[in-house]
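To start, the structure itself, in structure tokens.
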Amino acid sequence: MGMRGGYNVESDARESYFEVHLKSFAEMEEASRKGCLRESLHPTVIGRMKRRASPGVLKILVIVDHQYLAACMSVPPSDDDVVLSKEVAMQFLDLQHVYCDDGIRLVDMEDGTHVAKHVYSTLRIALQQLAAYNKADFRADVAADFSSPTGTLLLKDILVHRDVSTLLSEVLEGDDEAADNLWMRLLFEPSSPTANDGADGALQKQPSTGKAAAPPFLPSCEVGILATVQGTWLFRKAMMHPKRREALFRVLQDAAISPPQEESEAAASALMPEHLFLALFSCPLASRFVFESFGLVEGVNRCEAEVTVLCAALERLALKVVCSNGGSFLMTALVKALCPSRFSGGQKTGGKRGRDNDVHSKQHRDAGGGRYDEDSGENSNSGSGKAARTNGIDGQTQPTQVEVSDLHVSEMWSAWRLFCAVARAFVSGSIPGDTNETEATLSRRVKLLTQHVVACRAIQSFIPFFADAVVQGEIDPQQRKENALNAAPGAAQFYDDCAKILSEIANQSGLLANHSYGNYVLQTVVSELAQRTVAGSPVQSMLHKVFDALIGSIFEVSMQKFASNCVETAIAACHRLPDGSTLILRFATALLSGGPNCMEQVAMHQYGNYVVRRILDSLTAIATGASATATPAEVGEACGVEQRYFNNLNAQSHRLRQTSYGSGLQAWVENQRERLQDVAEVRGGANAQVAE
């Protein structure tokens, strides 16, 4: 769902955004010296980018050693290209915890992969900030008074003065009161009103005044320390100090509390914990912090107290988190890191499916071999040779695997707490940009989640676990107690929240089916619920709501771009259901109910023909006895309905041959002709005998 090449309104030129990998900084320096990146890239990489690009300029993030962002270069070369020194790139731009669509690490993406505009623009701003810093000289004799109001110190001075950021780092390493006070002031220092905090991470252009303009700011939810790369580096350094980290979490505790509504200086200060929390989940360069807390960084132990604070805030703010670009990507990545076995097949959220399937970006994650030890409360990383440390920013960042079999707390405590918190927020949490003019209902929240350009991706990663919870909730309470003596606190609330979310998605299926983002959520719900359905269960009722909505408007949805995909997914899911044959027959007879002309109109349509082909394949499976669950009566009905389709399509063979959309259906007619004609003759003979 990412843009196919960003569009720059100001320069009236089209730009497409990509990333490439170079093996070493020596290669990077050679490309910089020549002023041309093309010669350093393999022709297949250039070809891959050209196929995805819009006509115009290729804007390329250059990653060295699958770890460090070293440059932003253009093809053809541009005056605003930025190349960093090895020293600066390695100090500030380690990208091992920067995530893109579907929670994939940027450094793991295939050479020449398209990059989301938000990711590109954020990292481009980071490079712009470091371009000035790259040229700055360090003065060891600099003096600074950190006891005075910070003012523009954080947002301007550290962008161009290495000495200032270095001194700040040295002060924050102390254990004295001065270090404590400075740290709290930095946490509460807001970013400049002119800082770029747009949700889309819009690119900022430098004014052509002949004078070097100050670098733009990173989107940071109004949090000053995260508005610059240098500030983010200071933050990561401070997180290695136990007192600084403890102070941060004392602040984040207040993010779980709704701030006062009145406008005042005190109210503005009360908002800072929320802003800080949202920034930590949405700023790509700070995302390692979250993974450290959950124990998903190699050599870092999970901290239960930190997870408790984060999940408490997520109960109120998760909806806001997933509606931000960086937040959606991080939450998807977090779920996949906590439960890697559930996503081992490289499951994508959103994007094209079925007949629209395109060549996807290479998706893989380097997963560590660790497993959480419930008794010791530590992560054991086999083959690691490194002693575990409580926190830090050095070393490898391979996520520790947490095995998942069900939702029992003893096996996935961190994941359980995360899912509970997120489900609670999706049912009753704060809504982004809410002015209290419209009631904050479940329907409104679900509509936002399913139709939002990035939130729709995040919710898809949670749906399998929500579906698991609904199934767990259906188990008799006494049986559940016997099967899970260590049942998690709040389990009943979690089951109820998940059922409400999935049921509301089913209620909105008519709206979601042809929505450009919502259709993917609906398809995920159908696919996941179909795997867990038993006769007479609430899960089956939810699916029937979706199927009823699609069958009730079968002619319209079959000829709509996105809704037709939903119909195909629903029909495919029927093969997993106990009443699947009955449902397939309902889809098939509904499409015939308008008469031959309506069915033929769908069959000749660019989208509808795929729906008809899916129905025919399913009918044939039932009619030929390939469906294990079909009753004799259903087999007989399928034979009759299949014959009606054959007769109608056979009569239109000349039209099917004349359109590219009809070739697949014509092939079905020819493949089934002999069998169906034999069946018709047998039936005709049987009817004649009955008549005699």
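Position one of the sequence shown corresponds to residue 1 (UniProt numbering), numbered consecutively onward. Ideal placement from N, C-alpha and C gives every residue a C-beta, glycine not left out.
Residue i burial status per 10 Å Cβ neighbour count (16 or more: buried)
i, result
"D101", "buried"
"K117", "buried"
"K320", "buried"
"Q261", "exposed"
"A552", "According to the sequence shown, residue 552 is Gly rather than Ala. Exposed."
"W257", "For the record, residue 257 in the displayed sequence is Ile; it is not Trp. Exposed."
"S461", "buried"
"K59", "buried"
"E298", "buried"
"V534", "exposed"
"residue 743", "Lying outside 1 to 692, the shown extent of the chain, residue 743 is not represented and no answer is given."
"residue 721", "One cannot answer for residue 721 here, as it falls past the ends of the chain, which runs 1 to 692."
"E222", "buried"
"R250", "exposed"
"P215", "buried"
"residue 706", "It is not possible to answer for residue 706, since the shown part of the chain is limited to 1 through 692."
"E439", "exposed"
"G595", "exposed"
Cβ shell of residue i (< 8 Å), same chain only, five flanking positions each side left out
i, result
"S376", "Caution is warranted here: a pLDDT of 34 is assigned to S376, below 50, making its placement in the model unreliable, and the coordinate value is therefore given only provisionally. For S376, where only same-chain residues beyond five positions count, there are no Cβ hits under 8 Å."
"S293", "R302, C303, E306, V307 and L310"
"E674", "none"
"E39", "A31"
"R532", "A467, D468, V470, V471 and V539"
Neighbourhood of residue i by C-beta distance below 6 Å, restricted to the same chain and skipping five residues each side
i, result
"E30", "none"
"R48", "G112"
"L203", "Confidence at L203 is low in this model, with a pLDDT of 48, below 50, so the placement of that residue should be treated as unreliable; the coordinate-derived value is given next. Hits under 6 Å: S121."
"L106", "L95, V98 and C100"
"L93", "Y68 and L69"
"A638", "L619, I622 and A623"
"G210", "Any answer about G210 is weak, because its pLDDT of 47 lies below 50 and its placement is not dependable; what the coordinates show is given next. Excluding sequence neighbours, G210 sits near nothing in its chain."
"T569", "Q523 and V526"
"F343", "K336"
Contact set for residue i: own chain, Cβ-Cβ below 7 Å, skip 5 residues either direction
i, result
"V602", "F555, S558, M559, L591, G608, V611 and V612"
"R606", "For the sequence presented, residue 606 should be read as Gln rather than Arg. Within the same chain, Q606 has close Cβ partners Y661."
"F25", "V64, A70 and K86"
"I571", "I584, F587, R614, I615 and S618"
"A425", "L314, E315, R316, L317, A318 and L319"
"R644", "L592"
Pair within 9 Å by beta-carbon distance, residue i and residue j
i, j, result
"L22", "V62", "yes"
"C566", "L522", "yes"
"S618", "I584", "yes"
"L168", "L123", "no"
"L334", "V290", "yes"
"P464", "S324", "no"
"V328", "A455", "It should be pointed out that residue 328 corresponds to Ser in this sequence rather than to Val. The answer is yes: Cβ separation under 9 Å."
"C283", "S191", "no"
"T228", "Q91", "no"
"D81", "M73", "yes"
"N514", "K561", "yes"
"P538", "S503", "yes"
"K237", "L172", "yes"
"L529", "K447", "no"
"A286", "T232", "yes"
"L252", "L276", "yes"
"A573", "L543", "yes"
"L248", "L338", "no"
"L656", "L665", "yes"
"F281", "L226", "no"
"L37", "V75", "yes"
"L271", "P259", "yes"
"G625", "V641", "no"
"F18", "V83", "no"
Any non-hydrogen atom of the ligand PLP within 8 Å of residue i CB
i, result
"G35", "No copy of the ligand PLP occurs in the structure displayed, which carries no ligand at all."
Practice task
With a floor of 4 residues, list each alpha helix (DSSP H) that falls wholly inside the segment 412-474, ordered by position along the chain.
Solution key: Within the segment 412-474, the complete alpha helix (DSSP H) runs of at least 4 residues are 413-428, 442-451 and 455-474.
Practice task
Please confirm if the segment 573-586 is in contact with the segment 620-633, defined as three or more CB-CB distances below 8 Å between the two stretches.
Solution key: Touching, yes, given that three or more Cβ pairs across the two stretches are closer than 8 Å.
Exercise for the section: Evaluate contact between the segment 462-476 and the segment 497-507, counting only Cβ atoms and requiring at least three cross-stretch pairs below 8 Å. Expected result: Yes, the segment 462-476 touches the segment 497-507.
Handout entry: Every unbroken alpha helix (DSSP H) inside the segment 75-109 [4 residues or more]
Key = Taken in chain order, the complete alpha helix (DSSP H) segments of 4 or more residues contained in the segment 75-109 are 86-92.
Practice task
Go through the segment 511-554 residue by residue and report every complete run of the alpha helix (DSSP H) that reaches 4 residues or more, in order.
Solution key: Whole alpha helix (DSSP H) segments, 4+ residues: 518-530 and 538-552.
Handout entry: Segments of 4+ residues assigned as alpha helix (DSSP H) that fall wholly inside the segment 603-667
Key = Listed in chain order, the complete alpha helix (DSSP H) runs (minimum 4 residues) inside the segment 603-667 are 608-623, 632-651 and 653-658.
Handout entry: Runs of alpha helix (DSSP H) wholly within the segment 215-285 (minimum 4 residues, chain order)
Key = Counting only runs of 4 or more, we get 229-238, 242-252 and 265-282.
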